[in-house]
Every structure is written in C-alpha cells, then in structure tokens.
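>
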C-alpha cells in the first residue's frame, strides 16, 4: 500500500474490517512499524517526529473516548494533556467558545458525529507541535459523510495535513459528493485502497506509546 497526505490538504484512505482502520492510523501517525516498507515525514524516516507532529484522533480501542464519559470530562482530560487549565470550569468555557456548551453533560457517545469530529480535532491541535491529524473511521458513528468531511477540509484550510480513514461505503459517498461539487476539498482527493495482505501478520508496535499526541483516550 502506498499512501501520502500533505500539509494544507485532506485525503482519505479506505480500510475495511474492524481492526484495519486503527492499524492503518497507527502506522500513518508513526505509532506502529509496518511489517515492510517505510513511513516518512518530510522525506525522512523519523517516527518520533511523526508521532509528535501528527495526532491520531478517535481511533477505536486506542484514542477514542469511552462512549459513556461526559463530554466535559473528555475536554478536561485533553486540556490537561495540552498543558492548559483543565478544571470543569475551563472545559465548559472551552466548549462554550466552540459553540457546544449545551453538550457539556452529554455522554460523548451521544454527540452528533460532526460535532464529535469538530471537538476531538480541535482538542488534538491544542497540543504543542501538532501539524497534522489522522482521523480514524468517523463514518462508524453514522450520519452523512459531508458533515465530518467539511470539518476535515476546514482543518486542511487552516494548514493542517489531514488524513481521514474510512470504509468503502463512506468512500463511495465522498466520491459522489465530489462529482456533484457538494464538498469543497482543499486539494484533489483520490481513494487510497488498502490491499489485501498475504497473511494476517500484525506489525510491531513502536517503542513510543500509541497514545502520544493521539487524541482523546
């Protein structure tokens, strides 16, 4: 599989089945070594720099918040990881500035998919040095892809490198929306297909923990 994403642009990659999206996200953000090939940033193989500069957001079983945790609690934790004030008051004020004060007490599992993506991505870029985001399987939360895709595009327009890992159905929907100019992407978007491997071997995990700059846990 060959995959690239760039500063100021948004792309999507297709990964099917339960575990593949997370594995692809871990590899693309420098948190897991591939069995073969290499992962580079600015033409250099530097996993530490990649982990520091690319946040892994909402990856199932790695960086996704528990669905029953109140949104305000998720925000508190991420503010703490970003080195900011992290009291309930700080979290509520942060949500209010983003326009989501009414969701503070809601379990994050009940939050609208587009709002969830907005909040988790905004929290991820609070961390020092983050220049890109790998967003994993936003389509698993339901809703129309255009909501979270527009948000990913906005982050690209703000200068972040954006990679969104999706399933086949969401990819088809995105392609159709591009065809009818329903989505304004910041650059050309082509589907990048995960090829079937010869076996089920699992890549080795990198030395640095998978949750460094990895979004909400």
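Residue numbers (the working numbering): -2 to 214. Positions of the beta carbon are idealized from the N, C-alpha and C atoms, including for glycine.
CB-CB under 7 Å to residue 144, same chain, minus the five flanking residues each way: which ones, in chain order?
Excluding residues up to 5 positions away in sequence, 110 and 111 lie with their Cβ nearer than 7 Å to the Cβ of residue 144 in the same chain.
> Grab me the residues of residue 156's own chain with a C-beta within less than 6 Å of its C-beta, minus the 5 sequence neighbours each way, in chain order.
5
> Can you confirm whether the region 91 to 109 touches the region 13 to 24 when touching is taken to mean that 3 or more C-beta pairs between the two stretches lie within less than 8 Å?
Cβ pair count under 8 Å is below three, so no.
> Pick helix, strand or coil for residue 27, following the three-state DSSP scheme.
coil
> Just tell me which of 172, 75 and 56 has its CA closest to the CA of residue 116.
It is 75 whose Cα lies nearest to the Cα of residue 116.
> With DSSP as the reference, identify every bridge partner of residue 9, one or two as the case may be.
161
> Taking only runs that begin and end inside the region 52 to 108, name each unbroken alpha helix (DSSP H) of 4 or more residues, in chain order.
If we require 4 residues or more, the alpha helix (DSSP H) runs fully inside the region 52 to 108 come out as 68 to 78 and 85 to 95.
> Could you name each continuous beta strand (DSSP E) segment of 3 residues or more that falls completely within the region 119 to 172, going from the start of the chain to the end?
129 to 133 and 158 to 163
> Should residue 59 go down as buried or exposed, given a rule of 16 or more other Cβ atoms within 10 Å for buried?
By the neighbour-count rule (16 or more Cβ atoms within 10 Å), residue 59 is buried.
> CB residue 141 to CB residue 162, shorter than 8 Å?
At least 8 Å separates the beta-carbon of residue 141 from that of residue 162.
> Find the nearest neighbour of residue 88 within the set 106, 67, 108 and 107, judged by alpha-carbon distance.
The residue with the shortest Cα to Cα distance from residue 88 is 67.
> Throw me the rounded Cβ distance for the residue 11 and residue 165 pair, which I believe falls under 8 Å.
6 Å
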